[in-house]
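Position one of the sequence shown corresponds to residue 52 (this note's numbering), numbered consecutively onward.
All residues carry an ideal CB built from backbone N, CA and C; glycine is no exception.
All values derive from a computational prediction rather than experimental measurement.
Input: a single structure, listed below in structure tokens.
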Amino acid sequence: MPQFGLTVKQDTGGKRVELQCEHQNGLLYVVPSEASWVCSEELMHAHAIAGFFGQLMELNNAEVKELMQRWGLYYRTRPLASQEPDREADSEA
52 MPQFGLTVKQ DTGGKRVELQ CEHQNGLLYV VPSEASWVCS EELMHAHAIA
102 GFFGQLMELN NAEVKELMQR WGLYYRTRPL ASQEPDREAD SEA
């Protein structure tokens with residue numbers, strides 16, 4: 052029986068993100084690139100996908116927005132972990 056959902060697998064030189072349900076089946080390849088050199092190999096897929104969607108949204112393209120809405124996809128960037136306030140320090144004070 053197939054494994055439905057999102058599955059991340061290590062592949063030679065990158066990662067494969069399997070996207071599968073009863074009605075759709077796709078494979079997203081994430082390989083090292085000029086924009087992903089700053090991130091570790093373990094997190095390269097998260098870095099590349101977040102960066103891609105961030106830049107895609109910056110295009111402010113009506114067709115892209117319409118397509119994403121059609122599929123119920125919305126993306127927003129969030130502060131980096133290194134930029135978030137230290138919540139533990141606040142709760143200890």
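Residue i versus residue j: straight-line alpha-carbon distance, rounded
i, j, result
"Glu117", "Met108", "12 Å"
"Gln71", "Leu57", "7 Å"
"Met95", "Gln106", "16 Å"
"Asn112", "Pro136", "33 Å"
"Phe104", "Glu114", "14 Å"
"Leu110", "Gln54", "34 Å"
With 16 other Cβ atoms within 10 Å as the buried cut-off, status of residue i
i, result
"His74", "exposed"
"Lys60", "exposed"
"Val81", "buried"
"Ala86", "exposed"
"Ala99", "buried"
Minimum Cβ-Cβ distance from residue i to chain C less than 8 Å
i, result
"Val68", "In the structure shown, chain C does not exist; there is a single protein chain."
DSSP state of residue i mapped onto helix, strand, coil
i, result
"Gln134", "helix"
"Glu73", "coil"
Continuous beta strand (DSSP E) stretch holding residue i: start and end
i, result
"Val59", "Gly56 to Asp62"
To test your reading of the DSSP string, which unbroken alpha helix (DSSP H) runs of 4 or more residues are found completely within the region 84 to 120?
Segments of the alpha helix (DSSP H) lying fully in the region 84 to 120: 95 to 109.
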